[in-house]
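Position in the sequence shown (from 1) plus 11 gives the number in my numbering. These notes concern the structure reproduced below.
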Amino acid sequence: MSLRFMKAGTSDALVLNSISKQAFDSDAEAGAASPCGPPGYQSIPFHLKMARMNNLFKLVDENGVILGGAILFRQGDTLNVGRIFVDPQHHRKGYGIYMMREIESMFPDVKVFTLDTPAWNTRTNAFYTRLGYSEVKRDSDFVYYSKNR
């Protein structure tokens, strides 16, 4: 299967919003007390704003079907992976790994990649550790990771 990871436009916001909601709601299977997600995860205006700010990205297959997305924030030499999400029907197929590798290769001049994930989420904490991200801080709610180039 041929995949492409690219900037998303405002025309993609509705589909990405739906995938985001499904993906984050599925975290209830990974330790969440109830379906939930990060701020704006189920907000069409939020995804439209992220697209307008060039922070919204999409993963598409060879037929142009959107499989997942990401919200990225660049500040100087640092890129914060605000979130990545994959349609739950495509979980465990390597798409999250593919997106993270694409994110790292799309920004060759970035020196540090940062992200955070809920402390209770066993799935995402194992995922980021497996990709070489190191825990830099932890509080009662989140684990904060970074990866230096």
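The C-beta atom is built at its ideal place from N, Cα and C for all residues, glycine as well.
- The C-beta distance from residue 80 to residue 27 rounds to 4 Å, short enough to meet the 8 Å contact threshold.
- With 16 or more other Cβ atoms inside 10 Å of its own Cβ, residue 158 counts as buried.
- According to DSSP, residue pairing for residue 155 in a beta bridge involves 127, 148.
- For the set 160, 108, 134, the Cα lying nearest the Cα of residue 118 is the one of 160.
- Burial is judged here by how many other beta carbons sit within 10 angstroms of a residue's own beta carbon; residue 87 has fewer than 16 and is exposed.
- Rounded to the nearest whole angstrom, the C-alpha separation of residue 150 and residue 17 is 33 Å.
- Linking residue 126 to residue 111 through their CA atoms gives a straight-line distance of about 11 Å.
- Just measuring C-alpha positions, the residue of 113, 53, 93, 121 sitting nearest residue 25 is 53.
- The alpha-carbon separation between residue 145 and residue 29 amounts to approximately 30 Å.
- Take the alpha-carbon of residue 153 and the one of residue 137: they are about 14 Å apart.
- The Cβ-Cβ distance between residue 77 and residue 94 does not fall below 8 Å.
- Distance from the CA atom of residue 91 to the CA atom of residue 132, rounded to whole angstroms, is 19 Å.
- Taking 8 Å as the cut-off, the beta carbon of residue 97 is found closer than this to the beta carbon of residue 107.
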